[in-house]
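Trainee: A single structure is presented below for examination.
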Amino acid sequence: MDQTATGGWALVADNDGAAALIGAVLELDPDHSYTRSELADAAGVPLKDLYLSDALDELAAIGLLESVQDAEEATYEIVGDSTVYERAAAFEDAVREQVDPERQSA
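Residues in the sequence shown are numbered consecutively from 1, following UniProt numbering.
So this is what it looks like as structure tokens:
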């Protein structure tokens, strides 16, 4: 993990594409595996940027994603029952409710 990131906000700020990836992960089905290119597409991040960034490795290091070791292509599973996932989803819901108070969280 990047030693300069001392907390969640620092990790997001220090890793290009991390915010978009986290947003995408919260929208994707946690019961499926996703290739690096599928995650890049879902996040709207150029695949080249993911290759140059440590964002996927960082998200795996904190338990939001898990690397699938036996896959031909770099593949990740979403750890939907991790504390990081649950709290990121709660944060997403809380912000959406503040932006649109009439919207009920799913």
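All residues carry an ideal CB built from backbone N, CA and C; glycine is no exception.
Which two residues bound the contiguous beta strand (DSSP E) that contains Val45?
Mentor: Here Val45 belongs to no beta strand (DSSP E), and DSSP marks it neither H nor E.
Trainee: Let me check understanding here. Comparing Cα to Cα, which of Ala40, Ala71, Gly44 lies closest to Leu56?
Mentor: It is Ala40.
Trainee: Is the beta carbon of Arg36 less than 8 Å from the beta carbon of Leu59?
Mentor: Result no, Cβ atoms of Arg36 and Leu59 do not sit closer than 8 Å.
Trainee: In the DSSP assignment, what are the bridge partners of Tyr76?
Mentor: Answer is Tyr34, Ser67.
Trainee: Specify the secondary structure class of Gly17 as computed by DSSP and reduced to three states.
Mentor: Coil.
Trainee: What would DSSP say about Glu102, mapped onto helix, strand or coil?
Mentor: Here Glu102 sits in coil by DSSP.
Trainee: Rounded to whole angstroms, how far is the Cβ of Val45 from the Cβ of Leu64, which I believe are closer than 8 Å?
Mentor: Between Leu64 and Val45 the Cβ distance is about 15 Å, and since that is not below 8 Å, they are no contact.
Trainee: Have a look at Glu102 and Arg96 and give me their C-alpha separation to the nearest angstrom.
Mentor: Computed Cα separation, rounded: 10 Å.
Trainee: Which class does residue 122 belong to by DSSP, given the choice of helix, strand or coil?
Mentor: Residue numbering for the chain in the displayed model covers 1 to 106; residue 122 lies beyond these limits and cannot be assessed.
Trainee: For Val84, I'd like the list of residues in its chain whose CB is within less than 7 Å of its CB, leaving aside the five on either flank, ordered along the chain.
Mentor: The answer, listed in chain order, is Ile62, Gly63, Leu64.
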